[in-house]
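**Student:** If you scroll down you'll find the structure; I have some questions about it.
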Amino acid sequence: MPSYESEKLQETLLDLMRSREREKQLRDENTAILSGIAAMAGANNKRQVFNSLLSVLRKYIGFEHALVLTREDETTPLQELVTTCRFFESSIWPVGDTFTRSMNGASIALFAPRQVYEFKDLPDEMLYFCQSVLLIGVKVSSGDALLMFFHSQKGQFSPDCQRVLERFRPLLERAIIDIDYRERLQSLVTARTQELTHSQKRFKDFAKTVGDWFWEIDPDYRFTYISSPNIANHTIDHSNMLRAFGEHGDFAEKLKAKLEAEEAFEDLEWQFEDHGQIVWFSISGTPFFNKQGTFLGFRGTAKDITSRKQQIFELQQARQQAESANKAKSQFLAMMSHEIRTPLNAVLGLLDMLGSSGLDNKQMSWINQMDQSAQLLLTIINDILDLSRIESGSFELYYDKMSLSDCVDLVVTQLQEQATKKHIRFNTTIKPDVPDAIVGDKNRISQVLFNLVGNAIKFTNEGSVNVDIHRDGKQLKIEVSDTGIGIAPEAQKILFNPFIQADGSITRKYGGTGLGLAISQHLIQKMQGEINLRSVTGKGSCFTVTIPLKESPQNDKHRMCMPQDNQSLVPLNILVAEDSPTNQLVAKLMLEKRGHQVTIVSNGQQVVDMDPLSLAEFDLILMDISMPVMDGIQATKALRDSGIITPIIALTANVMQADQEEYLRAGMNDFIPKPIIAKDLEMVLARYQTITSLSAQC
Numbered sequence: 008m009p010s011y012e013s014e015k016l017q018e019t020l021l022d023l024m025r026s027r028e029r030e031k032q033l034r035d036e037n038t039a040i041l042s043g044i045a046a047m048a049g050a051n052n053k054r055q056v057f058n059s060l061l062s063v064l065r066k067y068i069g070f071e072h073a074l075v076l077t078r079e080d081e082t083t084p085l086q087e088l089v090t091t092c093r094f095f096e097s098s099i100w101p102v103g104d105t106f107t108r109s110m111n112g113a114s115i116a117l118f119a120p121r122q123v124y125e126f127k128d129l130p131d132e133m134l135y136f137c138q139s140v141l142l143i144g145v146k147v148s149s150g151d152a153l154l155m156f157f158h159s160q161k162g163q164f165s166p167d168c169q170r171v172l173e174r175f176r177p178l179l180e181r182a183i184i185d186i187d188y189r190e191r192l193q194s195l196v197t198a199r200t201q202e203l204t205h206s207q208k209r210f211k212d213f214a215k216t217v218g219d220w221f222w223e224i225d226p227d228y229r230f231t232y233i234s235s236p237n238i239a240n241h242t243i244d245h246s247n248m249l250r251a252f253g254e255h256g257d258f259a260e261k262l263k264a265k266l267e268a269e270e271a272f273e274d275l276e277w278q279f280e281d282h283g284q285i286v287w288f289s290i291s292g293t294p295f296f297n298k299q300g301t302f303l304g305f306r307g308t309a310k311d312i313t314s315r316k317q318q319i320f321e322l323q324q325a326r327q328q329a330e331s332a333n334k335a336k337s338q339f340l341a342m343m344s345h346e347i348r349t350p351l352n353a354v355l356g357l358l359d360m361l362g363s364s365g366l367d368n369k370q371m372s373w374i375n376q377m378d379q380s381a382q383l384l385l386t387i388i389n390d391i392l393d394l395s396r397i398e399s400g401s402f403e404l405y406y407d408k409m410s411l412s413d414c415v416d417l418v419v420t421q422l423q424e425q426a427t428k429k430h431i432r433f434n435t436t437i438k439p440d441v442p443d444a445i446v447g448d449k450n451r452i453s454q455v456l457f458n459l460v461g462n463a464i465k466f467t468n469e470g471s472v473n474v475d476i477h478r479d480g481k482q483l484k485i486e487v488s489d490t491g492i493g494i495a496p497e498a499q500k501i502l503f504n505p506f507i508q509a510d511g512s513i514t515r516k517y518g519g520t521g522l523g524l525a526i527s528q529h530l531i532q533k534m535q536g537e538i539n540l541r542s543v544t545g546k547g548s549c550f551t552v553t554i555p556l557k558e559s560p561q562n563d564k565h566r567m568c569m570p571q572d573n574q575s576l577v578p579l580n581i582l583v584a585e586d587s588p589t590n591q592l593v594a595k596l597m598l599e600k601r602g603h604q605v606t607i608v609s610n611g612q613q614v615v616d617m618d619p620l621s622l623a624e625f626d627l628i629l630m631d632i633s634m635p636v637m638d639g640i641q642a643t644k645a646l647r648d649s650g651i652i653t654p655i656i657a658l659t660a661n662v663m664q665a666d667q668e669e670y671l672r673a674g675m676n677d678f679i680p681k682p683i684i685a686k687d688l689e690m691v692l693a694r695y696q697t698i699t700s701l702s703a704q705c
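Have a look at this one:
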């Protein structure tokens, strides 16, 4: 595949992934915010508001307890407003530099709270919960407020948690302002009720359950007060409350049980149909007594909760749609992985066979370039398709002896044509003090170079692109410089974030996804290195990669993991179940080249139908997963159920982690991904050759 087509494929797939990722993130955050707003809108007290806020944040931040502190002016300490932990109730906190910075707008994660001024004098029962602390300040009308999250284990709050607080700051401010307001309102109401007469107490009870409709009944359930006889066009034309709702049997029975118990009740929901539309109301009530404790009746309110019910229904629908979209994404990625890996398996397998067919040096050079390009393409495809690894940042490095000049030559070969078409000078320099043989992950280093050099060529219209590699003590430095458009200082701060371009017009003019630099930075950090940028707008940019230099020893110790005496390993009799004729040919050629005897079948049913004695003659079964008639998983289960113990190795292009776990649960012993890498194949086969050799000796 020409290099520009390969890059176009990479950009298209990354663009698709970016769109889906952005859509999912926006949908998840909007759903969480709407859910929090809906819950807080229906809350009756500060505790319910606080719990509604925490239920939203728990999806993004792993905390055990939370605490809100407030103060009225800058001269007083902070006091507990609401908390989830009884040890923090009524607590008073001094204000130092850390709290001041947070109340001025910073979100802060503390990894050693005991060393911070505000925490050092806390009692042990409180310090137990403060091994990790995350805090953010909020301005309220009455003064300052501080929201803190606690965990009893160290290192629980990452920078991502701080970013979550910043994204949800409007929701935090609304919730804490609401809690503070409710607290002050409750204090005011409590103070007033101590001074009001018996007649004023009626309105105090109304204030506690403020709603759309007020009512009062006597001990015989007769109405003594109704704020309005009409509620959502439903006329209350009975003097007795139970008769008024008698036509709604289930609701009337629930209401009767609450009234007979003479206990307060909240949010008893009532549903009825009005002109073809469903209307929902929530009724709350509380008993009231005279000074002698005699029961006088109930007072309460009714709230129209139709819109809230509709909002909850819409949120449920949005959640279902998000789950469906996520499932569709996973299915698409699995399908794309299989469809791309299957033909790539044939390419790599036949390149391996072609390389051992007696070619001359020039032809072998071409084969090596093709093989390295295919390997690099495979690495890029892995990063694109395995979305869960990119989301979690769980890349794996595979260190081995490698040639640094081969990596550079590969990148030059791939990108020289692009530079030539743009009339750009493309220069590479490796200083003499840099050893050619080092220990590293060849594919990952090539991928970083490919991303940096590709970007340099893309954003350079005239001049040159230079790659300079030199040694700095025990460090290897790679500098990729260009004379391109440069990057503005404000854009440099966010350039390494996923899906970020210098500005929106860059994406439209030059294309690309903005994921390459984020992946490159992550890979370099995994190598215990760093990547830095110097750039001047309109004059060019220079990316500097610094990684530890690990020279390759004279004797390749990594080979000791392979059997030392390959001559003593007996050839295996292998059964291959594979439906693709091309992949059948690749598997047969690769195995026979290594001295094994190979039998080919086209689906799992043919394996299951074989005579057990014939199956027992095979030392190993290589089983494709996606096959017609009967797939590899069903075939493996059937073989294990019938008592067949022959080792079965999954041979498939489905390489998601969930897929591998499913293969092991089905009874398979091992896993070889497609495209088949010769070294991986040899390592797996060697294990079973060793077992077979030991069995033969016994």
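Just so it is clear: in the sequence shown, position 499 is 506 by the working numbering, and no numbers are missing. C-beta: ideal position from N, C-alpha, C; glycine also.
So, do the region 149-167 and the region 50-58 have three or more beta carbon pairs nearer to each other than 8 Å?
**Tutor:** In short, these stretches do not touch, since the Cβ pair count stays below three.
**Student:** Suppose the cutoff is 7 Å on Cβ atoms and the five residues either side in sequence are ignored; what does the same chain contact list for ALA426 look like?
**Tutor:** On the sequence shown, residue 426 is found 419 positions in, with the first residue counted as 1. Hits under 7 Å: PHE433, ILE464, VAL472.
**Student:** Taking all protein chains shown into account, do 16 or more other C-beta atoms lie within 10 angstroms of the C-beta of HIS438, making it buried, or fewer, making it exposed?
**Tutor:** Taking the sequence shown and counting its residues from 1, the one referred to as residue 438 is at position 431. Sequence check: residue 438 is Lys here, not His. The residue in question, LYS438, is exposed, as its Cβ has fewer than 16 Cβ neighbours within 10 Å.
**Student:** At which residues does the alpha helix (DSSP H) containing VAL460 begin and terminate?
**Tutor:** Stepping through the sequence shown from its first residue, residue 460 is reached at position 453. First-last of the alpha helix (DSSP H) with VAL460: 449-465.
**Student:** May I ask you to report which of helix, strand or coil DSSP gives THR77?
**Tutor:** The sequence position of residue 77 within the sequence shown is 70, counting from 1. Note: THR77 maps to strand in three-state DSSP.
**Student:** If we ignore side chains and look at the alpha-carbon of each, how far apart do LYS127 and MET155 end up?
**Tutor:** Taking the first residue of the sequence shown as 1, we reach residue 127 at position 120. Taking the first residue of the sequence shown as 1, we reach residue 155 at position 148. Each residue's Cα considered, the two are about 16 Å apart.
**Student:** Among ASP586, MET110, GLU330, SER234, whose alpha-carbon lies nearest the alpha-carbon of ASP631?
**Tutor:** Start at 1 with the first residue of the sequence shown, and residue 631 comes out as number 624. The shortest C-alpha separation from ASP631 is found at ASP586.
**Student:** Given this structure, state the Cα-to-Cα distance separating ILE492 from GLY461, to the nearest angstrom.
**Tutor:** In the sequence shown, counting from the first residue as 1, residue 492 sits at position 485. In the sequence shown, counting from the first residue as 1, residue 461 sits at position 454. Roughly 14 Å between the two C-alpha positions.
**Student:** Look at the alpha carbon of CYS414 and the alpha carbon of VAL543, and state the distance between them as a whole number of angstroms.
**Tutor:** For the purposes of this step, residue 414 is taken as the residue at position 407 of the sequence shown. For the purposes of this step, residue 543 is taken as the residue at position 536 of the sequence shown. Roughly 28 Å separates the two Cα atoms.
**Student:** From the DSSP output, in three-state form, read off GLY49 for me.
**Tutor:** Counted from its first residue, the sequence shown places residue 49 at position 42. Three-state DSSP puts GLY49 in coil, outside helix and strand.
**Student:** Tell me whether TYR670 sits in a helix, a strand or coil according to DSSP, three-state version.
**Tutor:** The residue you call residue 670 lines up with position 663 of the sequence shown. Helix at TYR670.
**Student:** Whole angstroms are fine: how far does the CA of ILE184 sit from the CA of GLU12?
**Tutor:** Looking up residue 12 in the sequence shown gives position 5. Looking up residue 184 in the sequence shown gives position 177. Using only the alpha carbons, I get a separation of about 55 Å.
**Student:** Taking ALA332 as the reference, give the member of THR659, LYS686, ARG27 with the closest Cα.
**Tutor:** For the purposes of this step, residue 332 is taken as residue 325 along the sequence shown, with counting starting at 1. That would be ARG27, whose Cα lies nearest to the Cα of ALA332.
**Student:** Quick check: the Cα distance between GLN138 and LEU61, rounded to an integer number of angstroms?
**Tutor:** Residue 138 sits at position 131 when you count from the first residue of the sequence shown. Residue 61 sits at position 54 when you count from the first residue of the sequence shown. Going from the Cα of GLN138 to the Cα of LEU61 covers about 20 Å.
**Student:** Should ASP448 be labelled buried (16 or more other beta-carbon atoms within 10 Å of its own) or exposed?
**Tutor:** On the sequence shown, residue 448 is found 441 positions in, with the first residue counted as 1. Classification of ASP448: buried, given that the 10 Å Cβ count is 16 or more.
**Student:** According to DSSP, is LYS644 part of a helix, a strand, or is it coil?
**Tutor:** Here residue 644 is taken as the residue at index 637 of the sequence shown, counted from 1. Looking at LYS644 - three-state DSSP - the assignment turns out to be helix.
**Student:** Please name the residue in GLN379, LEU582, ALA119, MET133 whose C-alpha comes closest to that of GLU99.
**Tutor:** Taking the first residue of the sequence shown as position 1, residue 99 is located at position 92. Rather than Glu, the amino acid found at residue 99 in this sequence is Ile. Checked all of GLN379, LEU582, ALA119, MET133; the closest Cα to ILE99 is MET133.
**Student:** Check MET409 in the structure and name its three-state DSSP category.
**Tutor:** Taking the sequence shown and counting its residues from 1, one reaches residue 409 at position 402. Of the three classes helix, strand and coil, the one that applies to MET409 here is strand, per DSSP.
**Student:** Can you give the Cα-Cα distance for ARG515 and VAL455, rounded to whole angstroms?
**Tutor:** Residue 515 sits at position 508 when you count from the first residue of the sequence shown. Residue 455 sits at position 448 when you count from the first residue of the sequence shown. Here ARG515 scores only 44 on pLDDT, less than 50, and its place in the model should not be relied on; the value that follows carries that caveat. Each residue's Cα considered, the two are about 23 Å apart.
**Student:** Using DSSP's beta-bridge definition, name the partner residues of GLY304.
**Tutor:** As a position in the sequence shown, residue 304 is number 297, starting the count at 1. GLY304 pairs with PHE295.
**Student:** Between LEU582 and the rest of its own chain, which residues show a CB-CB distance below 6 Å, the 5 nearest in sequence each way excluded?
**Tutor:** To locate residue 582, count along the sequence shown from 1; it is residue 575. So the list reads THR606, PHE625, ILE628, once near-sequence residues are dropped.
**Student:** With a floor of 4 residues, list each alpha helix (DSSP H) that falls wholly inside the region 127-210, ordered by position along the chain.
**Tutor:** Counting whole runs of 4 or more residues, the region 127-210 contains the alpha helix (DSSP H) stretches 131-134, 166-174, 176-200.
**Student:** Starting from ASN247, trace the beta strand (DSSP E) both ways and give me its first and last residue.
**Tutor:** Here the question's residue 247 lines up with position 240 in the sequence shown. Run containing ASN247: none; DSSP gives neither H nor E here.
**Student:** Should GLU267 be labelled buried (16 or more other beta-carbon atoms within 10 Å of its own) or exposed?
**Tutor:** For the purposes of this step, residue 267 is taken as residue 260 along the sequence shown, with counting starting at 1. Flag for GLU267 reads exposed.
**Student:** Considering only the beta carbon of each residue, do SER548 and LEU540 sit closer than 9 Å?
**Tutor:** Position 541 of the sequence shown, counting from 1, holds the residue named residue 548. Position 533 of the sequence shown, counting from 1, holds the residue named residue 540. Taking 9 Å as the Cβ cut-off, SER548 and LEU540 qualify as a contacting pair.
**Student:** Relative to the C-alpha of HIS245, which residue among ASN676, ARG229, ASP80 is closest?
**Tutor:** Stepping through the sequence shown from its first residue, residue 245 is reached at position 238. Among ASN676, ARG229, ASP80, the Cα nearest to that of HIS245 belongs to ARG229.
**Student:** Using the C-alpha atoms, what's the distance from LEU21 back to MET634?
**Tutor:** If you number the sequence shown from 1, residue 634 lands on position 627. If you number the sequence shown from 1, residue 21 lands on position 14. When rounded, the distance between both Cα atoms is 29 Å.
**Student:** Within the continuous alpha helix (DSSP H) that includes LEU620, where are the two ends?
**Tutor:** Residue mapping note: residue 620 aligns to position 613 of the sequence shown, counting from 1. Taken as a continuous stretch (DSSP letters only), the alpha helix (DSSP H) holding LEU620 covers 619-623.
**Student:** Which partner residues of GLY547 appear in the DSSP bridge assignment?
**Tutor:** Walking along the sequence shown from the start, residue 547 turns up at place 540. For GLY547, which the question treats as bridged, DSSP gives the partners VAL543.
**Student:** Evaluate GLN421 with the Cβ neighbour count: other Cβ atoms within 10 Å of its Cβ, from every protein chain shown; 16 or more gives buried, anything less gives exposed.
**Tutor:** As a working note, residue 421 is residue 414 in the sequence shown. Burial call: buried.
**Student:** CA-CA distance, PRO177 and THR436?
**Tutor:** The count along the sequence shown starts at 1 and reaches residue 177 at position 170. The count along the sequence shown starts at 1 and reaches residue 436 at position 429. Approximately 52 Å, taken between the alpha carbons.
**Student:** Within the same chain, show all residues whose beta-carbon is closer than 7 Å to that of LEU622, passing over the 5 residues directly before and after it, in chain order.
**Tutor:** Against the sequence shown, residue 622 aligns to sequence position 615. ILE651, THR653, listed in sequence order.
**Student:** Using only CA atoms, which one of MET360, PHE175, ALA271, GLU18 lies nearest to LYS600?
**Tutor:** Start at 1 with the first residue of the sequence shown, and residue 600 comes out as number 593. Out of MET360, PHE175, ALA271, GLU18, MET360 has the C-alpha closest to the C-alpha of LYS600.
**Student:** Taking 9 Å as the CB-CB limit, is THR107 close to chain D?
**Tutor:** Absence of chain D from the displayed structure is noted, only one protein chain being present.
**Student:** What residue range is occupied by the uninterrupted alpha helix (DSSP H) comprising GLU497?
**Tutor:** As a working mapping, residue 497 is identified with position 490 in the sequence shown. Note, GLU497: alpha helix (DSSP H), 496-499.
**Student:** So if DSSP puts TRP100 in a beta bridge, which residue, or which two residues, is it bridged to?
**Tutor:** For the purposes of this step, residue 100 is taken as residue 93 along the sequence shown, with counting starting at 1. According to DSSP, TRP100 bridges with LEU85.
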